[in-house]
Each structure stands twice: as C-alpha cells, then as structure tokens.
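Chemist:
There are 2 protein chains.
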Amino acid sequence: MKLADVNTEERILEAAKKVFMKYGLYGARMQDIADTAGINKALLHYYFRNKEKLFDHVFDGALSKYFQQMEVFSDKSLPLIERINRYIDQMIDFLTEYPQMSIFIIKEISTNPELFHDKVHKIKNHKSTSLIAVLKESIELKEIPDIDPVIFLMNLHSLCAYPFVASPIFKVIIEKSKTTWSDPNNEKHKQSVKEFVAFKLSN
Amino acid sequence: MKLADVNTEERILEAAKKVFMKYGLYGARMQDIADTAGINKALLHYYFRNKEKLFDHVFDGALSKYFQQMEVFSDKSLPLIERINRYIDQMIDFLTEYPQMSIFIIKEISTNPELFHDKVHKIKNHKSTSLIAVLKESIELKEIPDIDPVIFLMNLHSLCAYPFVASPIFKVIIEKSKTTWSDPNNEKHKQSVKEFVAFKLSN
DNA sequence: TATTAGTTTAACCATTTGGTTAATGCAAAA
DNA sequence: TTTTGCATTAACCAAATGGTTAAACTAATA
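Going down the list, the protein sequences come from chains A and B. Residue numbers for the first sequence follow our numbering, so the first one is 1 and each next one is one higher. Residue numbers for the second sequence follow our numbering, so the first one is 204 and each next one is one higher.
Following this line, the structure appears as structure tokens:
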C-alpha cells in the first residue's frame with residue numbers, strides 16, 4: 001500500500017468521525033462524509049465496503065480509546081487513591097481533547113443497545129472492571145471505609161464525564177445566572193472530583 | 204375538534220417521541236413514526252406540517268419537563284439543603300420514569316447546538332438558574348462554606364443524571380466485574396447524592 | 001336527506017440515499 | 001515501453017425519503 005492509500009483511508013476515517021459524531025449512524029450521509037474528506041463517494045465503499053462497516057471502524061476506535069482511560073485502575077505500582085486520581089487527570093484531559101467522545105458513545109449506545117453489548121466484549125484491554133475489584137479488596141483489608149463500590153464507580157464517572165456531555169446545558173444555565181465562568185476550568189473540575197474521592201475514601 | 208382528533212394527534216406525538224428518542228431528528232423516518240402510531244404517513248403532515256415541526260414539538264416538551272425538575276430551587280418556603288434534596292428526589296424519579304430523556308436532550312443538543320440556544324430562551328418557567336444565585340447568597344451570609352457555585356451545580360447534575368445516561372456502560376462494567384447489582388437502586392443513588400451535598404454544604 | 005367541515009387514505013412526486021459498475025488514471029514492476 | 005494492480009472517477013441504479021394532492025370517508029348541522 002502506498003502513502004497515498006494511507007492518506008485516503010485516514011482522510012475518510014477523520015471525516016467519518018466528524019460526521020458520525022454529529023449525526024450518528026442513521027443520520028449521517030455518505031455523501032457528507034465524502035465531501036468532508038474531499039473524495040469521491042465511491043471510495044467510501046472501496047475502502048470500507050459499506051456505511052455500517054465504516055461506522056463500526058469509527059465506533060470501535062472510540063470505545064477502545066474510552067476504555068483505555070480506565071487502564072490505570074490496574075496499575076499495581078500505584079496506591080489506590082493515586083490510581084483514581086490518575087484516572088481523573090487522564091479522563092478529563094482526554095475529554096477536553098475529544099469533547100464529543102462521550103456523547104458519541106452514549107448516543108450510539110442509546111440507539112443500538114444490543115450492538116454495544118457485543119462490541120464491548122471484543123475489547124481486549126478491558127481493565128475498566130478492575131476498580132470494583134480493587135475497591136472490594138481494600139474494603140476487606142480495612143484500608144478504606146465500607147462504601148458501595150458500584151455507587152462509587154458511578155459517581156466517579158459521573159463527575160468526570162457529565163460536565164462534558166451536558167456542556168451546552170451548563171453554559172446556558174451559567175449564562176442565565178449572570179455568572180462569569182472561564183472555560184475550560186479543568187483544574188477546578190479535577191480538584192472537585194479529587195475532593196469527592198478523598199471524602200469517600202478516607203478513614 | 205373531535206375526540207378522534209385528539210386521539211390521532213396524541214398517538215402521533217407518542218410515536219414521534221419513541222422514534223425521535225431512538226434515532227434523533229436526522230435518523231428518524233416519518234414512515235416509522237406513522238407505522239408506530241398506526242396511521243397513514245400523510246397525517247403527520249396534516250397535523251404537524253413537516254418533520255422539523257413535529258420534532259420541535261417533541262423536543263420542546265422534553266426540554267420543558269426537564270427544566271421543570273429544577274423549579275424546586277426557587278421554592279423559598281424550603282431551606283436550601285431541603286430544596287436541593289427535593290431536586291435530587293424529583294430528578295432521579297423523573298429520569299427513572301423517562302430514562303431516555305436526558306440522552307435524548309443531550310443527543311439533539313450535540314447535533315444542533317445553535318438550535319438549542321434559541322429554544323432554551325423560550326422556556327418561561329426557567330428557574331434552573333436560581334440555584335447559583337441562592338448558593339451565592341448563602342455563601343455571603345456564611346450559611347454554607349465558600350464553594351464554587353458553578354462547580355457544585357455541575358457536580359449535582361452529574362451525580363443525578365449521568366448514571367441514567369451511561370446506564371448501558373455501567374451495566375457492562377458491573378457485569379464484567381461479577382458483581383451483583385439490583386436495578387433500579389434509586390434509594391442508594393439518591394442517598395449517595397445527598398451525602399455529597401451534605402459534605403459540600405455543611406459548615 | 002343534503003350539505004358542510006374536518007379527517008383519512010392511497011397514489012403520486014422530485015429528490016436523496018447507499019451502493020454498484022465500468023472506465024480511467026497512476027505508479028510500480030517487468 | 002508495456003503490463004499489472006491498485007486507486008479514483010463519473011455515471012448509474014433501485015429503493016427510500018419527506019412531502020403533496022385529490023378523492024373518499026365521517027360526523028355534525030341545517
């Protein structure tokens with residue numbers, strides 16, 4: 001394969017990301033993707049065969065990157081709270097760079113829940129589950145208070161991700177309340193999540 | 204207008220809700236909506252003129268209901284923490300009844316951010332802003348600690364809404380961690396959010 | 001019973017859609 | 001230079017799409 005090929009394929013993928021992220025699988029138009037990539041529409045089929053396969057490619061990549069942010073939970077060289085704080089830093093930085101990523105995943109899961117179930121089992125580096133196991137273990141060892149690991153996990157994810165997901169709603173609320181608010185405020189965001197962690201996990 | 208008319212219009216709206224919530228404005232098909240409602244497709248145009256107007260009707264309704272959950276923030280007969288706790292109870296109950304509601308709003312905002320900006324200014328019962336004002340006032344009166352009202356608001360909404368938004372992701376994580384988790388767990392959810400509030404707002 | 005007004009239907013329309021096909025272009029190898 | 005294999009293009013296709021139209025239906029009124 002020549003350099004031009006790599007270029008065309010990548011251009012298609014970048015364009016597809018943009019269009020699928022905005023319109024979803026069913027709302028996106030192949031001609032739009034071709035226009036965005038600056039290529040002839042037939043090339044989409046030449047390189048990716050059909051709309052669904054192109055979407056799969058994009059969605060699988062997004063899922064993979066998303067779950068990668070949770071791998072730090074398995075890093076046994078770090079104490080528990082440090083792993084969680086690393087996750088907070090990492091996830092918030094990741095979502096700052098790709099603000100639409102969470103929304104995209106959530107959107108498509110909402111439309112095709114069964115499909116998601118299949119896909120997520122194909123992700124090999126699936127370390128997202130380990131936080132619950134690690135929390136359970138630490139609870140048994142009395143290193144942390146007896147909390148509900150599932151609730152903690154949900155709260156942690158919620159605090160990290162939802163401000164990005166609901167960003168336009170918050171902007172309007174803030175605007176209407178005549179509050180000045182500089183955007184982005186990652187350090188404040190990270191700090192507030194870490195405070196929550198400290199509150200829940202300190203003896 | 205006869206009863207049959209009210210019936211047809213309502214049937215269309217219920218069907219449109221289902222289809223728009225799943226596929227969004229651009230992914231939804233008018234024939235699908237008609238099939239779901241059990242009517243002839245031309246009736247969609249007879250009653251709602253075109254796809255966009257039908258969508259507007261559904262989306263405006265959703266937005267309105269969503270923001271209604273925040274009206275309790277303005278209830279001056281209640282102390283601050285009670286208002287917030289009422290909001291927590293209310294919002295979580297609301298999202299339990301309409302689990303797709305947040306996702307729907309977030310999805311459509313993500314696709315059409317400008318449109319949302321216009322629409323949200325038309326909502327009359329717009330009391331969502333008042334929590335920030337109330338928090339500021341209470342901070343000045345030294346009734347609560349000096350917190351960042353915007354961060355607090357974002358965290359509050361995050362903790363309430365995101366578990367519903369990301370429900371399929373959590374289900375997979377929980378399943379993979381071999382944890383038993385009974386669904387729905389509203390009381391635990393509410394309690395954990397209220398604990399957060401108490402943590403942030405107690406002197 | 002005939003008329004009227006509103007509701008519903010089936011057929012139709014122009015455009016769009018995802019995908020196919022054959023010809024052409026391009027670069028590398030023989 | 002010719003051949004080969006891959007990449008790209010423009011035209012095409014059948015079906016789907018949102019929307020329109022006129023006829024038929026229905027119930028209420030005169």
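Heads up, the beta-carbon is just placed ideally off N, CA and C, and yes, glycines get one too. Since we're looking at a predicted model, the values are computed, not measured.
In terms of residue numbering, what span does the alpha helix (DSSP H) encompassing I306(B) cover?
Modeler: Taken as a continuous stretch (DSSP letters only), the alpha helix (DSSP H) holding I306(B) covers M304 to T314.
Chemist: So, for E108(A): in the same chain, excluding its five sequence neighbours on each side, which residues have a beta-carbon less than 7 Å away from its beta-carbon?
Modeler: The answer, listed in chain order, is G24, L25 and F59.
Chemist: Look at the alpha carbon of E9(A) and the alpha carbon of A28(A), and state the distance between them as a whole number of angstroms.
Modeler: Cα to Cα, the separation comes out at about 18 Å.
Chemist: Taking only beta carbons into account, state which residues of the region 168-190 of chain A come closer than 9 Å to chain B, listed in chain order.
Modeler: Listed by position along the chain: P168, I169, F170, K171, V172, I173, I174, E175, K176, S177, K178, T179, W181, N185, K188 and H189.
Chemist: Counting contacts by CB-CB distance shorter than 8 Å, is I251(A) in contact with chain B?
Modeler: Because chain A is modelled from 1 through 203, residue 251(A) falls outside the range shown and cannot be assessed.
Chemist: Look at the alpha carbon of L131(A) and the alpha carbon of I88(A), and state the distance between them as a whole number of angstroms.
Modeler: Their backbone Cα atoms lie some 13 Å apart in a straight line.
Chemist: Could you give the C-beta distance for Q234(B) and K244(B), rounded to a whole number, given that I count them as a contact under 8 Å?
Modeler: Rounded, the Cβ-Cβ distance is 6 Å, consistent with contact.
Chemist: For R214(B), which residues of its own chain have a beta-carbon under 6 Å away from its beta-carbon, when the five flanking residues on both sides are left out?
Modeler: Only A240 meet the Cβ criterion.
Chemist: The alpha helix (DSSP H) with M30(A) in it runs from where to where?
Modeler: Per DSSP, M30(A) belongs to the alpha helix (DSSP H) from M30 to A37.
Chemist: Let me know the alpha helix (DSSP H) ranges lying completely inside the region 227-293 of chain B, each 4 residues or longer, listed in chain order.
Modeler: Qualifying alpha helix (DSSP H) stretches, in chain order: 233-240, 245-251 and 254-271.
Chemist: What's the C-alpha gap between S102(A) and L283(B)?
Modeler: If I take the Cα positions, the gap works out to 32 Å.
Chemist: Between F402(B) and V197(A), what straight-line distance do the alpha-carbon atoms span, to the nearest angstrom?
Modeler: If you take the alpha carbons of F402(B) and V197(A), they lie about 12 Å apart.
Chemist: Establish whether the CB of K17(A) and some CB of chain B are separated by less than 8 Å.
Modeler: So no, K17(A) is outside the interface.
Chemist: Can you check whether the CB of P99(A) is closer than 8 Å to the CB of S167(A)?
Modeler: Cβ atoms of S167(A) and P99(A): closer than 8 Å.
Chemist: Kindly list the residues whose CB is nearer than 8 Å to the CB of I147(A), restricted to its own chain and excluding five residues on each side of it in sequence; keep chain order.
Modeler: Closer than 8 Å at the Cβ level, and outside the excluded window around I147(A), lie L135, I139, K200 and L201.
Chemist: Use the C-beta contact count for H360(B): other C-beta atoms within 10 angstroms, 16 or more gives buried, fewer gives exposed.
Modeler: With 16 or more other Cβ atoms within 10 Å, it is buried.
Chemist: I'd like to know whether the C-beta of H260(B) is nearer than 8 Å to at least one C-beta of chain A.
Modeler: It does not; no Cβ of chain A falls within 8 Å.
Chemist: Pull up the distance between the alpha-carbon of Q69(A) and that of F297(B), whole angstroms please.
Modeler: About 31 Å.
Chemist: Using a C-beta to C-beta distance shorter than 9 Å, which residues of chain A count as neighbours of T239(B)?
Modeler: Near T239(B) there are no residues of chain A at all, since even the closest Cβ is about 15 Å away, more than 9 Å.
Chemist: Return the CA-CA distance between G264(B) and F319(B), expressed in angstroms with no decimal places.
Modeler: Spanning the two alpha carbons is a distance of roughly 13 Å.
Chemist: Taking CB distances under 8 Å as the criterion, tell me whether T96(A) reaches chain B.
Modeler: No - not a single Cβ of chain B is within 8 Å of the one on T96(A).
Chemist: Measure the beta-carbon distance from N203(A) to P145(A) and round it to whole angstroms, keeping in mind my assumption that it falls under 8 Å.
Modeler: Yes, they are in contact, since the Cβ atoms of N203(A) and P145(A) sit about 6 Å apart, within 8 Å.
Chemist: Go ahead and pull the three-state DSSP assignment for P145(A).
Modeler: Coil.
Chemist: Strictly below 8 Å CB to CB, what residues from chain A border T211(B)?
Modeler: Going along chain A, no residue has its Cβ under 8 Å from T211(B), so there is no contact; the nearest lies around 26 Å.
Chemist: Just by C-beta distance, which residues in the region 20-54 of chain A are closer than 9 Å to chain B?
Modeler: Flagged, chain order: M21, K22, Y23, G24, L25, Y26, G27, A28 and R29.
Chemist: So, helix, strand or coil for K391(B), using DSSP?
Modeler: Three-state result, K391(B): helix.
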